[in-house]
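The structure appears below as structure tokens.
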Amino acid sequence: MASVTKIELLTPLEVADAMRVSTMTVYRLVKSGQIPAIRVGKHLRIRVADLNTYLESRMVTPSQEGGAWLAE
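Under full-length UniProt numbering, the letters of the sequence shown match residues 1 to 72, in that order.
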């Protein structure tokens, strides 16, 4: 029998709690393709690695203009 690699999966509610957003925001991000998800029956699951990739892609760094990056 082949071994199965354990993948850490989160529910949309767990992702919403971690990001401090609503579950509807998480569903929108999944629907738009910004965060990949796995469908298990009627339920969605999000890999921790995919969530981390999304968060890293959204990282903002201050520019030399002093805070103008907040308005973008």
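Ideal Cβ positions, reconstructed from N, Cα and C, are used throughout, including at glycine. Quantities reported herein were computed from a predicted structural model and do not represent experimental measurements.
Checking the DSSP bridge columns, you'll see residue 46 partnered with 10.
In this structure, residue 9 places its C-beta atom within 8 angstroms of the C-beta atom of residue 45.
49 is the residue among 49, 13, 62, 59 whose C-alpha sits nearest the C-alpha of residue 6.
Here residue 2 is exposed. Its C-beta has fewer than 16 other C-beta atoms within 10 Å. Nearest to residue 59 by alpha-carbon distance, out of 19, 23, 14, 12, is 19. Between the beta-carbon of residue 16 and that of residue 25 there is about 7 angstroms, and that keeps the pair under the 8 angstroms contact cut.
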